[in-house]
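Q: Dropping the structure in here first, questions after.
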Amino acid sequence: MKLFFLNSGQIEMKKKIFIPEIIDNEKFLLPVISTLIQYKNLNILFDTGCHPSVESNAEERWGGLSKIMKPKNMNGVNLISELYKKNIKPTDIDIVINSHLHPDHCGCNEFFTNAEFYCHKNELEAASSNHANKLGYIKKEWDLPMGLKKINKEFDFFNNSKLITIDLFGHTPGTIGLLVNMDKNQFLIASDAVSLLRNLEYEEVPKNAWNENELLKSYKKIKKLSQKKIKLICGHDYFQWKNSFKLGIEYN
Ligand SMILES: [Zn+2]
0 MKLFFLNSGQ
10 IEMKKKIFIP
20 EIIDNEKFLL
30 PVISTLIQYK
40 NLNILFDTGC
50 HPSVESNAEE
60 RWGGLSKIMK
70 PKNMNGVNLI
80 SELYKKNIKP
90 TDIDIVINSH
100 LHPDHCGCNE
110 FFTNAEFYCH
120 KNELEAASSN
130 HANKLGYIKK
140 EWDLPMGLKK
150 INKEFDFFNN
160 SKLITIDLFG
170 HTPGTIGLLV
180 NMDKNQFLIA
190 SDAVSLLRNL
200 EYEEVPKNAW
210 NENELLKSYK
220 KIKKLSQKKI
230 KLICGHDYFQ
240 WKNSFKLGIE
250 YN
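Take the sequence shown: its position 225, counting from 1, is numbered 224 in numbering that gives the first Met the number 0, and each next residue is one higher.
Structure representation (structure tokens):
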């Protein structure tokens, strides 16, 4: 089993959404990451980042949401360009798992026309509901002819504990993480259940969370798992990529 973290976009947001003590309107850049896992001759993606077109015209695709999260300095880099660098065509992708259905996590879904797609059933319900727009969902990002298979409970993809989804609700009703057990490395890819590492450390609830109590419960679950030497990957933490992990390189 091999794993690569891939640069899948970059967005600018107000710091105060994530960090409670900030009161001014200062902004910061957030990395957008997808994970490629290669196992048993399958190419598996966890999240698909931002659609390439948002680099030039985010408003057209994201509407009002493009003012809250603004794609910035992507420099032509997105999940599709990063896969091509590894000689992987979009049609080579076999499985896509979406941590949740916000447009910075499922933006490239439409390119993977040969893939089977998975997300949690709560997430599909929320994204299909009448107030989906208010919750930050955009139908054309995820409602595609390939369909989405619903995960009802934590799902062990190969029945060998190598790849298991973990329910980490709170950011949205159906956010899931992915536990990857490889020979040398074990990762818990938490997506936006932990946007920044400091959110988990200080138990801060970002203002864009759907449910504070659910998120705090997920923090507890993540802290328990992290004690077992599992490396935690946050949804949007620049410092992790600067200091602890590297994009594009092989982990095994
Ligand atoms: Zn996100």
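Built from N, CA and C at the ideal position, the CB exists for glycine as well.
Report, in whole angstroms, the separation of the C-beta atoms of Ala-114 and Pro-172, which I expect to be a contact under 8 Å.
A: As a first step, residue 114 must be located in the sequence shown, where it is residue number 115. As a first step, residue 172 must be located in the sequence shown, where it is residue number 173. Not confirmed; about 24 Å, so no contact.
Q: Determine the direct distance from the alpha carbon of His-235 to that of Arg-197, and round the result to whole angstroms.
A: By 1-based counting over the sequence shown, the position of residue 197 is 198. By 1-based counting over the sequence shown, the position of residue 235 is 236. Their backbone Cα atoms lie some 11 Å apart in a straight line.
Q: Would you tell me roughly how many angstroms separate the C-alpha atoms of Cys-118 and Ile-96, rounded to the nearest one?
A: Along the sequence shown, read from residue 1 onward, the residue named residue 118 stands at position 119. Along the sequence shown, read from residue 1 onward, the residue named residue 96 stands at position 97. Taking the straight line joining both Cα atoms gives about 6 Å.
Q: Are three or more beta carbon pairs between the region 88-108 and the region 134-142 nearer than 8 Å?
A: Counting Cβ pairs under 8 Å, three or more are found: they touch.
Q: Using only the heavy atoms of ligand 1, determine whether one of them is closer than 8 Å to the beta carbon of His-50.
A: Working through the sequence shown from its first residue, we reach residue 50 at position 51. It does not: the Cβ of His-50 is nowhere closer than 8 Å to a heavy atom of ligand 1.
Q: Using a Cβ distance threshold of 8 Å, determine whether the region 231-248 contacts the region 5-25, with at least three qualifying pairs required.
A: Short answer: they touch.
Q: Should Leu-147 and Ile-163 be called a contact, given that it needs their Cβ atoms to be closer than 9 Å?
A: Reading the sequence shown from its first residue, position 148 is the one you call residue 147. Reading the sequence shown from its first residue, position 164 is the one you call residue 163. In this structure, Ile-163 does not lie closer than 9 Å to Leu-147 by Cβ.
Q: Residues in its own chain within less than 7 Å of Met-73 by CB, not counting five upstream and five downstream?
A: In the sequence shown, the residue the question calls residue 73 occupies position 74. Contacts found: Gly-8, Gln-9, Glu-54.
Q: Applying the criterion that 16 or more other CB atoms from any shown protein chain within 10 Å of the CB defines a buried residue, is Thr-47 buried or exposed?
A: One-based indexing of the sequence shown puts residue 47 at position 48. It is buried - the Cβ of Thr-47 has at least 16 other Cβ atoms within 10 Å.
Q: Taking 8 Å as the cut-off, does the region 149-169 touch the region 217-226 (at least 3 CB pairs, one atom from each stretch)?
A: Touching, yes, given that three or more Cβ pairs across the two stretches are closer than 8 Å.
Q: Looking at the structure shown, is Ala-114 part of a helix, part of a strand, or coil, going by DSSP?
A: If you number the sequence shown from 1, residue 114 lands on position 115. Residue state, collapsed to three classes: coil.
Q: Quick one: Cα of Glu-122 to Cα of Lys-241, how far?
A: For this step, residue 122 is matched to residue 123 along the sequence shown. For this step, residue 241 is matched to residue 242 along the sequence shown. Distance between the alpha carbons of Glu-122 and Lys-241 is about 31 Å.
Q: Residues bridged to Met-12 by DSSP?
A: As a working note, residue 12 is residue 13 in the sequence shown. Beta-bridge pairing links Met-12 to Phe-27.
Q: Report the CB separation of Leu-187 from Gly-176 in whole angstroms; it is logged as a contact under 8 Å.
A: Counting from 1 along the sequence shown, the entry for residue 187 is found at position 188. Counting from 1 along the sequence shown, the entry for residue 176 is found at position 177. About 6 Å; that satisfies the 8 Å criterion.
Q: Can you determine whether any heavy atom of ligand 1 sits closer than 8 Å to the C-beta of Val-31, and answer yes or no?
A: The residue labelled residue 31 in the question sits at position 32 within the sequence shown. Answer for Val-31: yes, Cβ within range of ligand 1.
Q: Please write down, chain order preserved, every residue whose beta carbon lies under 6 Å from a heavy atom of ligand 1.
A: The set, ordered by position in the chain, is His-101, Asp-103, His-104, Asp-191, Gly-234, His-235.
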